[in-house]
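Worksheet: one structure, shown below.
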Amino acid sequence: MGKPLKQYVAISGSTGFVGKNLLKFLIQKKLKCIPVLRSDLQEGELPPSKCSCFIHLVGTGNEIEDESFEKVNVEITRKAIDICKKSKIKKIIYFSGLGVSSKSTSKYFISKFKAERLIIKSGLDYTIFRPSYIIGNDDYLTRNLKKQIKKKKIVIPGTGNYIIQPISIKDACNVVHLAINSINFSKKIIDLVGPEKITFKQFLKNSTNNSNIEIEKIPSKKSIVYSSSHKKFPYSIEDLNILFGNFEGNHDKLRNISKIEFTKIRNI
């Protein structure tokens with residue numbers, strides 16, 4: 035018997051934290067990965083038609099001059115859908131955000147919800163993941179904390195008693211790999227969250243290994259003001275919307291569909 039043919043998968047956002055790790059993981063699983071640059075999406079460049087799945091990771095959590103939420107999170111998703119149809123790619127996997135819903139009020143969450151609706155109405159098979167913080171080497175939250183630790187002070191906006199459900203990057207990659215082919219993930223919106231809930235305050239304390247790092251609590255209203263008026267404030271307004279939203283995901287659903295053993299917070 036000859037060697038089985040490799041499965042081809044297109045990935046946008048492959049240079050980001052999740053994308054880089056997912057690319058490496060899928061290659062180890064013997065998939066052929068085709069990176070799709072943001073410029074390719076904007077110009078309508080098509081990946082090979084032999085791709086069976088498009089993993090769409092391009093997005094932005096902060097608006098800057100020409101990078102509005104509408105332009106990046108919504109319009110580029112629209113183009114990703116068009117590319118899937120033109121390339122005859124039948125499945126799209128999309129990373130939205132934990133807490134996104136029809137009742138969302140933040141501009142970021144609204145843009146993610148719009149992108150979700152485009153995908154659902156596209157006629158493509160899909161899996162939409164709503165991730166909590168994905169933790170691993172050089173993730174966004176860890177980089178933020180390391181910068182603060184270097185300054186010997188960590189800022190906690192508000193009480194710090196709101197909940198997060200971090201998931202390890204390895205587990206996230208494993209779940210996405212399963213979702214590429216498994217019918218159990220077909221046409222579903224799934225919270226991509228870890229098995230444990232922890233307060234943000236406790237998570238930060240664990241991250242400092244209980245060392246003598248100063249911890250400063252800044253009231254919620256003042257934190258919101260600082261997020262837009264202080265360039266060095268470590269949290270953007272959208273960071274605060276996510277944290278203060280106190281969103282809790284349905285890990286049981288994820289575990290039952292994936293059938294994998296998830297990493298505990300202490301081992302991430």
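Using the numbering used here, the first residue of the sequence shown is number 35, and each one after it goes up by one. Glycine included, C-beta positions come from ideal geometry on N, C-alpha and C.
Which one of the options has the shortest CA to CA distance from residue i?
i	options	result
Q236	P200, F219, K221	P200
P165	N218, I110, K105, Y128	Y128
S86	K122, T111, L56, T176	K122
I117	Y142, E99, S138, S83	S83
K243	G131, I183, S46	Per the sequence shown, the amino acid found at residue 243 is Asn instead of Lys. With distances taken between Cα atoms, N243 lies closest to I183.
L288	T233, F143, P229, E77	P229
S216	S138, T161, F267	T161
P81	G93, I115, K58	I115
N290	V227, V134, F281	V227
V92	K239, K155, G53	G53
Within its chain, find whatever has a CB closer than 7 Å to the CB of residue i; leave out the 5 residues flanking it on each side and keep chain order.
i	result
G36	Confidence at G36 is low in this model, with a pLDDT of 48, below 50, so the placement of that residue is unreliable and no value is reported for it.
P191	I252, S254, S257, Y269, L274, L277
F51	D172, D173, Y174
N96	S270, E272
L60	V43, C67, H211
K221	D159, Y160
K120	L80
Does the separation of the CB atoms of residue i and residue j fall below 8 Å?
i	j	result
D303	K125	The structure shown does not extend to residue 303, since the chain is modelled only from 35 to 302, so the question has no answer here.
I249	I188	yes
N178	D225	no
S202	T111	no
I302	I169	yes
C207	N107	no
E104	S145	yes
I232	I299	yes
S136	F147	yes
In chain order, what residues of the same chain lie with their CB nearer than 8 Å to the CB of residue i, ignoring the 5 residues before and after it?
i	result
K66	K40, Q41, Y42, V43
K63	H211
K186	I247, E248
S138	I144, K146, F147
What residues in its chain sit with their C-beta under 6 Å from that of residue i, if we drop five residues either side in the sequence?
i	result
V209	S292
I89	I45, I127
A149	N107, V108, T111
S73	none
F163	F129, I224, L226
Practice task
Run through the segment 247 to 301 for me and flag every whole alpha helix (DSSP H) of 4 or more residues, listed as ranges in chain order.
Solution key: Runs of the alpha helix (DSSP H) inside the segment 247 to 301: 254 to 263, 271 to 278, 285 to 292.
Handout entry: the segment 193 to 210 touching the segment 257 to 273, judged by at least three CB pairs closer than 8 Å
Key = Of all C-beta pairs linking the segment 193 to 210 to the segment 257 to 273, fewer than three are shorter than 8 Å, placing the two stretches out of contact.
Handout entry: Entirely enclosed beta strand (DSSP E) segments - the segment 160 to 237, minimum 3 residues
Key = Runs of the beta strand (DSSP E) inside the segment 160 to 237: 187 to 191, 222 to 226.
Problem - Continuous alpha helix (DSSP H) assignments of at least 4 residues falling wholly in the segment 89 to 148 - result: As far as the segment 89 to 148 is concerned, its whole alpha helix (DSSP H) runs of at least 4 residues are 110 to 120.
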